[in-house]
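Respectively, the protein sequence lines represent chains G and Z.
Read in order, the letters of the first sequence are residues 1 to 234 in the working numbering.
Read in order, the letters of the second sequence are residues 1 to 224 in the working numbering.
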Amino acid sequence: MHRDHALDATFPHRHTYSAAAPTRPDGTRRALRIGLGGPVGTGKTATVAALCRALRDELSLAVVTNDIYTREDAEFLLREAVLPPDRIAAVETGACPHTAIRDDISANLEAVEDLEEHAGPLDLILVESGGDNLTATFSKGLVDAQIFVIDVSGGDDIPRKGGPGITTADLLVVNKTDLAPYVGVDLDTMARDAEAQRGPRPVLFTSLTSEGGVKPVADWTRERLTTWTTAPTT
Amino acid sequence: MNRAALFVLADGRFPAGGHAHSGGAEPAVAAGRITDAASLERFCRGRLHTAGLVAAGLAAAAADGHDPLALDAAADARTPAPALRTTARKLGRQMMRAARATWPSAALDDLAAARPHGAHQPVVLGLAARAAGLTPLDAAHAAAYEAVSGPATAVVRLLSLDPFDATAVLARLAPDQDRTAAAAVAATRRIPAEGLDALPAASAPLLDITAEQHAAWPVRLFAS
Ligand SMILES: Nc1nc2c(ncn2[C@@H]2O[C@H](COP(=O)(O)OP(=O)(O)OP(=O)(O)O)[C@@H](O)[C@H]2O)c(=O)[nH]1
Ligand SMILES: [Mg+2]
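Here it is, written out as structure tokens:
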């Protein structure tokens with residue numbers, strides 16, 4: 001202990017440590033990390049799959065999934081072959097996805113770093129949370145931006161209810177707009193309520209079942225990536 | 001030395017990945033060996049006096065300043081099940097990340113550099129305790145407590161067991177935890193004369209077997 005403390009006094013900066021540093025140990029810029037959260041079944045995996053298809057020819061991509069008790073999301077992405085298997089990692093969450101993406105992010109950080117190490121250099125890593133409740137948000141130590149995905153079939157009062165996911169996410173996606181007529185949902189009301197909760201933060205309406213339905217989200221992601229790659233790293 | 005650091009280190013909310021692990025409780029619940037508070041207590045007592053004692057010995061020795069790489073090899077020798085070795089290293093890596101951010105130290109940096117994919121968790125725990133200015137006995141206590149608190153928390157989720165009953169189990173096991181920690185420290189005192197062979201090497205064959213089986217389950221709530 002004395003030896004270490006003597007060294008600590010001589011080299012006070014030996015142990016600089018920051019989970020969210022924008023650079024890798026070698027000084028190059030790490031991948032942008034975007035988290036996707038939201039209630040169960042709203043279309044998070046469908047969004048991830050569609051984003052991969054839309055962006056994989058222009059960007060180097062990888063995905064981390066956080067399933068609740070299976071490897072379902074990871075296996076869906078593998079089955080759909082949206083990315084090669086070494087670009088998809090599954091984190092086990094002990095029945096509690098919001099713990100793994102917010103309170104104890106250590107397993108997710110390891111998955112992200114392993115992907116960068118084995119498949120890198122990467123431009124973008126998408127981190128999908130298992131379906132959770134309206135309060136589930138990603139830690140800033142894990143992701144640089146987060147998308148909260150809700151759908152019309154959860155009812156048009158969800159944006160009004162708010163909660164940290166709806167109010168603070170960098171992007172709110174309201175998915176499954178194709179179902180709106182069948183579930184009696186008024187999209188204008190949802191848009192108005194979302195704006196009241198979120199102010200200037202963006203809201204996008206998508207229908208992933210239609211051709212090119214993910215385009216607005218892909219465009220938003222490209223913008224974030226441009227901002228990320230042009231920002232200074234120090 | 002700063003005793004309050006022990007609460008930080010041993011807190012179930014310390015962000016080192018423990019929340020996703022059941023310590024063998026998930027397969028025990030599935031097999032019907034844990035069904036209520038009484039059977040949880042028996043399970044935890046068994047785990048404490050086997051895996052818990054081994055972990056406490058390794059943690060105390062690391063906190064005492066013994067070579068972490070030699071201790072890591074000693075941990076491998078005491079962990080025959082490959083699934084449990086993988087789990088111990090995964091959790092060791094997560095503990096390392098949390099410890100380096102919490103109590104930066106050259107010793108932690110050195111072990112992280114030597115074992116980038118993780119040293120055994122109890123070794124990292126002991127080194128973290130040392131970096132926090134805690135004693136070998138403190139480190140042994142943290143390891144012993146973790147050996148029982150992990151399964152107890154998991155069983156609350158798995159069986160919807162009354163959380164008050166689960167916490168009472170932990171309280172009833174407190175004297176056993178004290179004895180385990182004391183035995184671990186007593187063993188580390190014999191290291192100068194006997195080498196690392198002095199450290200406890202108790203095994204729990206059923207935990208080893210079910211850990212291997214559990215690792216192959218396609219659907220499970222906990223990572224181990
Ligand atoms: N009609 C319609 N169905 C959709 C749309 N997007 C996704 N789905 C379907 O909704 C279901 C759930 O989608 P997922 O992408 O698995 O949802 P998720 O949010 O990842 O679900 P969890 O991970 O279980 O929380 C699937 O059957 C999708 O095919 C959409 O825009 N319209
Ligand atoms: Mg999903």
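From the three backbone atoms N, C-alpha and C, an ideal C-beta is built for every residue, glycine too.
As the structure is a computational prediction, the values presented were derived from the model and not from experiment.
Could you give the first and the last residue of the continuous beta strand (DSSP E) run that contains residue i?
i                     : result
residue 216 (chain Z) : Residue 216 (chain Z) -> no beta strand (DSSP E), and no H or E assigned at all.
residue 33 (chain G)  : 32-37
residue 128 (chain G) : 124-129
residue 148 (chain G) : 145-151
residue 174 (chain G) : 171-175
residue 67 (chain G)  : 61-67
residue 53 (chain Z)  : From DSSP, residue 53 (chain Z) is part of no beta strand (DSSP E) but of the alpha helix (DSSP H) over 53-63.
residue 205 (chain G) : 203-205
Run the CB neighbour count on residue i, radius 10 Å, all protein chains shown included, and call it buried at 16 or more, exposed below.
i                     : result
residue 16 (chain G)  : Model confidence at residue 16 (chain G) stands at a pLDDT of 40, short of 50, so the residue's coordinates are unreliable; what they give is reported in the following sentence. Per the 10 Å Cβ criterion, exposed.
residue 162 (chain Z) : exposed
residue 210 (chain G) : exposed
residue 121 (chain Z) : buried
residue 118 (chain G) : exposed
residue 66 (chain Z)  : buried
residue 192 (chain G) : exposed
residue 219 (chain G) : exposed
residue 51 (chain Z)  : buried
residue 239 (chain Z) : In the structure as shown, chain Z starts at 1 and stops at 224, and residue 239 (chain Z) therefore has no counterpart that could be examined.
residue 106 (chain G) : buried
residue 135 (chain G) : exposed
residue 15 (chain Z)  : buried
residue 2 (chain Z)   : exposed
residue 54 (chain G)  : buried
Can you find the residues in the same chain that come closer than 7 Å, C-beta to C-beta, to residue i, ignoring five residues on each side of it along the sequence?
i                     : result
residue 71 (chain G)  : 90
residue 167 (chain G) : 197, 198
residue 176 (chain Z) : 45, 48
residue 111 (chain G) : 64, 89, 91
residue 23 (chain G)  : 29, 30, 233
residue 114 (chain Z) : 69
Among the residues of its own chain, which have a CB less than 8 Å from the CB of residue i, if the five just before and after it don't count?
i                     : result
residue 114 (chain G) : 89
residue 208 (chain Z) : 80, 81, 84
residue 235 (chain G) : Because chain G here runs from 1 to 234, residue 235 (chain G) falls outside it and cannot be looked at.
residue 77 (chain G)  : 45, 48, 49, 52, 63, 65, 83, 88
residue 195 (chain G) : 203
residue 7 (chain Z)   : none
residue 225 (chain G) : 32, 59, 123, 124
residue 107 (chain Z) : 68, 127, 130, 131
residue 157 (chain Z) : 221
residue 42 (chain G)  : 131, 149, 150, 151, 154, 175, 176
residue 211 (chain Z) : 24, 27, 81, 83, 84, 87, 224
Please go through the same chain and pick out, in chain order, the residues whose beta-carbon is closer than 6 Å to the beta-carbon of residue i, but skip the five residues on each side of it.
i                    : result
residue 50 (chain G) : 208, 214
residue 71 (chain Z) : 58, 61, 62, 123
residue 67 (chain G) : 73, 130
residue 53 (chain Z) : 180, 200, 202
residue 96 (chain Z) : 112, 124
Looking at the unbroken alpha helix (DSSP H) that takes in residue i, where does it start and where does it end?
i                     : result
residue 108 (chain G) : 106-119
residue 48 (chain G)  : 44-55
residue 46 (chain Z)  : 37-47
residue 89 (chain G)  : Premise fails: residue 89 (chain G) lies in the beta strand (DSSP E), 88-92, not in any alpha helix (DSSP H).
residue 149 (chain Z) : 136-159
residue 191 (chain Z) : 191-194
residue 73 (chain Z)  : 68-77
residue 193 (chain G) : 187-198
residue 103 (chain G) : Per DSSP, residue 103 (chain G) belongs to no alpha helix (DSSP H) and is neither H nor E.
residue 228 (chain G) : 215-230
residue 72 (chain G)  : 72-79
residue 13 (chain Z)  : Here residue 13 (chain Z) belongs to no alpha helix (DSSP H), and DSSP marks it neither H nor E.
residue 100 (chain Z) : 82-102
residue 129 (chain Z) : 121-131
residue 24 (chain G)  : Taken as a continuous stretch (DSSP letters only), residue 24 (chain G) belongs to no alpha helix (DSSP H), as it is neither H nor E.
residue 168 (chain G) : 164-168
residue 115 (chain Z) : Where residue 115 (chain Z) is concerned, there is no enclosing alpha helix (DSSP H), given that its DSSP letter is neither H nor E.
Legend entry - Interface residues of the region 98-125 of chain G facing chain Z [CB-CB below 8 Å]: 99, 100, 103, 104, 105, 106, 107, 109, 110
Legend entry - Cβ-based contacts, 8 Å cut-off: residues of the region 72-94 of chain Z near chain G: 90, 93, 94
Legend entry - Three-pair Cβ contact test at 8 Å for the region 92-103 of chain G versus the region 155-170 of chain G: no
Inset, instruction - Quick one: which residues of the region 30-44 of chain G get their C-beta closer than 9 Å to a C-beta of chain Z? List them in chain order. - result: none
Inset, instruction - Using a Cβ-Cβ cut-off of less than 7 Å, give me the residues of the region 69-84 of chain G that come near chain Z, in sequence order. - result: 69, 70
Inset, instruction - Using a Cβ-Cβ cut-off of less than 9 Å, give me the residues of the region 3-34 of chain Z that come near chain G, in sequence order. - result: 13, 14, 15, 16, 17, 18, 19, 20, 21, 22
Legend entry - Cβ contact check for the region 163-177 of chain G and the region 140-152 of chain G: 3 or more pairs under 8 Å: yes
Inset, instruction - Could you run through the region 140-151 of chain Z and flag, in chain order, every residue whose CB is less than 8 Å away from some CB of chain G? - result: none
Legend entry - Segment contact flag, the region 188-195 of chain Z with the region 141-157 of chain Z, C-beta cutoff 8 Å, min 3 pairs: no
Inset, instruction - Take every Cβ of the region 96-115 of chain Z, pair it with every Cβ of the region 137-152 of chain Z, and state whether three or more of those distances are shorter than 8 Å. - result: no
Inset, instruction - Residues of the region 208-221 of chain Z with a CB closer than 9 Å to any CB of chain G: list them in chain order, please. - result: 218, 219, 220, 221
Inset, instruction - Determine which residues of the region 115-127 of chain Z have a Cβ less than 8 Å from any Cβ of chain G, and write them out in chain order. - result: none
Inset, instruction - Pull out every residue of the region 144-167 of chain G whose Cβ sits closer than 8 Å to any Cβ of chain Z, in chain order. - result: none
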